[in-house]
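Have a look at the structure below, then the notes.
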Amino acid sequence: MADRLLNDPETRIRAAAEALEPRLVELRRDIHAHPELAFEEVRTAGIVAAELARMGIPHRTGIGRTGVVGVIEGGRPGPTLAIRADMDALPIHEATGLPFASQVDGKMHACGHDIHTTTLLGVAEVLKALAPQLAGRVKLVFQPAEEALGGAAAMVADGVLEGVDMALGFHNQPDMPVGRFGYVRGATLAAADRFDLVITGKSGHAAHPEVAIDPIVAAGAFIANAQTVVSREIDPLHPAVVTIGMIHGGTAPNIIPESVELRGTVRTLSTAARDTAEAALKRLAAGLEAMHRVRCALAYRRGVPPLINADSVLDPAVSAVRAQFGEVVAEGKPSMGAEDFAEFAERVPAFQLRIGSGAPGRRDHLHNHDYQPDERCIGLGVQALSRIALEILA
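Per my numbering, the sequence shown starts with residue 87, numbered consecutively.
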């Protein structure tokens, strides 16, 4: 029987994941009940470190402030594959009513990072047992602060990618039924930039606008013209979004304020669109000064780059999922959402797998106070990721 299982990775991985699943669900519910925000994941990191120690996996804590990194050495020389899971929760008050709902007011695992953390712990246990069959090593990366889009950069700064040849990420997808998997070729998630614009005019009485300089009118012009950046300056084949989500100005209906502040975000899937959008917004802000006699201070901050899936990792990964489960994986569409796994993908060939987590009869969405993923996605994710690692490091 043992020899047969060695030559039958599908059965061996499935049996191992199914045996681990009750324990992983228990861990997930504990983490879910005690959510921690970006760079506050002390308790969660402690659970991860304790589990890795129990498995006999060497690990380090405090990477990227609150991250944990473990290493599984294979039985033969070969490349290093990093597998990353994020650990942080969101500032959302949970309304699921589940027995293991968040015990912390105003904090919730509404994006499924509790699912991700426990899934990677399951992968760690499966791959530890399979280590003699691996050619190379697996670096297990438990990352903080994905929701703040800063945890990956912090871990990179602490050297998490040193010696890494390729990286594998994953995310639960409630818009896909549990048991299904997905992928996107090329750009899968957007670059996320933000801008802050302060428009300063001259305060005055609303009845005498001629002696004032109205920053609200200038702000209105900027908002309207910003919508032409995508429609008239960016290649229609290059997706882009410019959204102004905040505007503050004024204290009374009969006073022209001294200044108005706007804040917005730019999402793009290509470098060309990203460059065009930044240049256009800066030009529009500068033009307000001549047209409306105001002064403009635009701060444009580039955030995470677009997440680009590399075929060199994607192709063997998708083949491995099919080898484990059959025809349950399909190509999907890119999203204008952002994900700081892009910091890894910008430096080494990488791929992010989509793991269906939609529960029967529900229509859940990420970042929602009633999000209830199907916990079966944990064990299925363990199988998929373990099989990918085994095939890539064969």
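Virtual Cβ for every residue (Gly too), placed ideally from N, Cα, C.
Take the Cβ of residue i as the centre, count every other Cβ of all protein chains shown within 10 Å, and call the residue buried at 16 or more, exposed below.
i	result
P108	exposed
Q229	buried
P339	exposed
M377	exposed
L184	exposed
H199	buried
A234	exposed
P446	exposed
V297	exposed
Just confirm the distance between the C-beta atoms of residue i and residue j, as a whole number of angstroms; I'd bet it's less than 8 Å.
i	j	result
A196	N454	6 Å
A231	G237	3 Å
I117	T203	6 Å
L466	V264	7 Å
Taking 8 Å as the limit between beta carbons, can you name the residues of its chain near residue i, skipping five residues before and five after?
i	result
S398	M252, P435
M141	A210, E211, K214
V157	I143, P144, H145, R223, V224, K225, L226
Keeping to the same chain, check which residues put their C-beta closer than 6 Å to that of residue i; ignore five residues upstream and five downstream.
i	result
A359	I320, H324, A326
A239	E429
C382	I285, A371, L374, E375
R379	I299
T362	E319, I320
A366	V315, E319
Whose CA, out of the options, lies closest to the CA of residue i?
i	options	result
I478	G164, G335, L123	G164
G331	R151, E417, I309, I342	I309
I342	G290, V328, D460	G290
R266	L384, C463, V328	C463
A101	E432, Q410, R448, D456	Q410
G423	G336, G183, Q259, P121	Q259
Q438	R349, T274, Y457	T274
V128	R115, L384, Y457, R151	R151
K419	E413, R440, D426	R440
I169	L400, D460, R387, L254	L254
E104	R280, L247, A416, T205	T205
P177	G272, L167, T166, G192	G192
S356	F281, G272, P295	G272
Mapping DSSP to helix, strand and coil, what is residue i?
i	result
G265	coil
A292	coil
G228	With the sequence shown as reference, residue 228 is identified as Phe, and Gly is not the correct amino acid for it. Strand at F228.
G331	strand
E417	strand
S398	helix
V178	Note on identity: in this sequence residue 178 is Ile, with Val being the wrong assignment. Here I178 sits in coil by DSSP.
Can you give me the Cβ contacts of residue i inside the same chain, cut-off strictly under 7 Å, excluding the 5 residues immediately before and after it?
i	result
D261	G444
G160	A217, L220, A221, G222, R223, L479
A278	L235, T351, R353, G389, V390, A424
A406	R473, I474, E477
E432	P391
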